[in-house]
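J.:
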Amino acid sequence: MGAFVGLCLGLGLFLVWRSLTVPAPPPRDGRVTRRDRVADLLAQAGLDSVTPAGLVAACLAVGAFALSAVLLVSRSLPIAVAFAVIATWAPVTLVRFRARQRRRELRELWPEVVDNLASGVRAGLSLPEALSQLGVRGPVELRRPFQRFGEDYRATGRFFDSLDRLKAALADPVGDRIVESLRMARQVGGSDLGSLLRTLSAFLREDARTRAELETRQGWTVNAARLAVAAPWIVLGMLALRPQAVEAYNTAAGALVLAVGGAVCVVAYRLMIRIGRLPEDERVLR
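Numbering-wise (the working numbering), the sequence shown opens with residue -16 and increments by one.
Quick look at the structure:
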């Protein structure tokens, strides 16, 4: 039974690695691949130097370490496999948490970025100059992408190509809207860009204020659900230190109890998250 459970774990980890490391075919008709979504998640978390393959490798390494450590302590393969599966997803959970936290921080900063752009346009700066100025006078958290834009534009002189690279570096729906607004203004001209940016700034401030209130009210429910899901596994970790309790899980029935319990926890947690999830902006202007 232990060898079968270990084989299932190894097969599952291989399938996760395979799904993210095999080169995907080029997207057709604007279709977004899973690799693109993982790359966006890493960019939103501020981990530009980490690739999707690197994230998968980190997951496998953490899972293997947890499997070895728990097996050494508890001498129970089913318990070790259960904690190894949990540990395998720990890097992904950490990246998602960091991405949510950074999106929350940037949500408060985007209105300032738009205001700076509007001020630069009113002062008579060209669009490349106004964007490059954000690398010096913009919010600290967003200066680096705009600094790279300025360096790229000065090196190539290709405004639209530099905009595409800026949009990829930001990997944010609001950044996509700003970039496409500037692209349209560059292509067709017009004097309405300043009023458009001021309207967008007011909208972003109102959206950030409303979402902050909703997230505050939602927070206690989500935290309670997470605690409810984690509690059984914390108890299992404490029981794993007692040889008498470990013996009950070294049987086929014990492994089945762990598998069913894990499945119930995953389904219940995902259902709670889906019910209480706030709508997130999608990157429709890639």
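We put the CB at the ideal spot given by N, CA and C, even for glycine. Bear in mind the structure is a predicted one, so any value in this text is a computation, not a measurement.
Would the beta-carbon of residue 147 fall within 8 Å of that of residue 89?
T.: No.
J.: Buried or exposed: which applies to residue 93, given that a residue is buried once 16 or more other Cβ atoms fall within 10 Å of its Cβ?
T.: Taking all protein chains shown into account, residue 93 has 16 or more neighbouring C-beta atoms within 10 Å of its C-beta and is therefore buried.
J.: Return helix, strand or coil for residue 11, following the three-state DSSP convention.
T.: With a pLDDT of only 41 at residue 11, under 50, the local geometry of the prediction cannot be trusted, and the value read off the model is given with reservation. Residue state, collapsed to three classes: coil.
J.: Provide the residue span of the alpha helix (DSSP H) that contains residue 244, from first to last.
T.: 235 to 259
J.: Suppose you measure from the CA of residue -13 to the CA of residue 199; what does that come to, to the nearest Å?
T.: Since pLDDT at residue -13 reaches only 46, below the 50 mark, its modelled position is unreliable, and the value read off the structure follows with that caveat. Rounded to whole angstroms, residue -13 to residue 199 spans 45 Å at the Cα level.
J.: Do the region 71 to 87 and the region 29 to 41 meet, that is, are 3 or more Cβ pairs less than 8 Å apart?
T.: yes
J.: Classify residue 135: buried if its beta carbon has 16 or more other beta carbons within 10 angstroms, exposed otherwise.
T.: buried
J.: Compute the Euclidean distance between the alpha carbons of residue 227 and residue 41, then round it to the nearest angstrom.
T.: Within the model, the alpha-carbon separation for residue 227 versus residue 41 is close to 34 Å.
J.: Below 7 Å CB to CB, which residues in the same chain sit around residue 98 once its five sequence neighbours on both sides are set aside?
T.: 184
J.: So what's residue 4 in DSSP terms, helix, strand or just coil?
T.: Confidence at residue 4 is low in this model, with a pLDDT of 49, below 50, so its placement is unreliable and the value that follows should be read with caution. Residue 4: helix per DSSP, three-state reduction.
J.: Could you name the residues of the same chain whose beta carbon sits closer than 7 Å to that of residue 58, not counting the 5 residues immediately before and after it, in chain order?
T.: 229
J.: Helix, strand or coil for residue 108? Go by DSSP, reduced to three states.
T.: coil
J.: Mind checking whether residue 62 and residue 219 have CB atoms under 8 Å apart?
T.: yes
J.: Output the distance between the C-alpha atoms of residue 203 and residue 209, rounded to the nearest integer angstrom.
T.: Straight-line Cα distance between these residues: approximately 10 Å.
J.: Please report the straight-line C-alpha distance between residue 96 and residue 68, rounded to a whole angstrom.
T.: 42 Å
J.: By how many angstroms is the C-alpha of residue 119 removed from the C-alpha of residue 357?
T.: Residue numbering for the chain in the displayed model covers -16 to 269; residue 357 lies beyond these limits and cannot be assessed.
J.: Span of the alpha helix (DSSP H) holding residue 158?
T.: 156 to 171
J.: Mapping the DSSP letters down to three states, classify residue 141 as helix, strand or coil.
T.: coil
J.: Figure out for me which residue from 212, 53, 166 has the closest Cα to the Cα of residue 225.
T.: 53
J.: What are the boundary residues of the alpha helix (DSSP H) that residue 203 is part of?
T.: 176 to 222
J.: Alpha carbon to alpha carbon, how far is residue 106 from residue 257? Give it in angstroms, no decimals.
T.: 46 Å
J.: Between which two residues does the alpha helix (DSSP H) containing residue 71 stretch?
T.: 60 to 71
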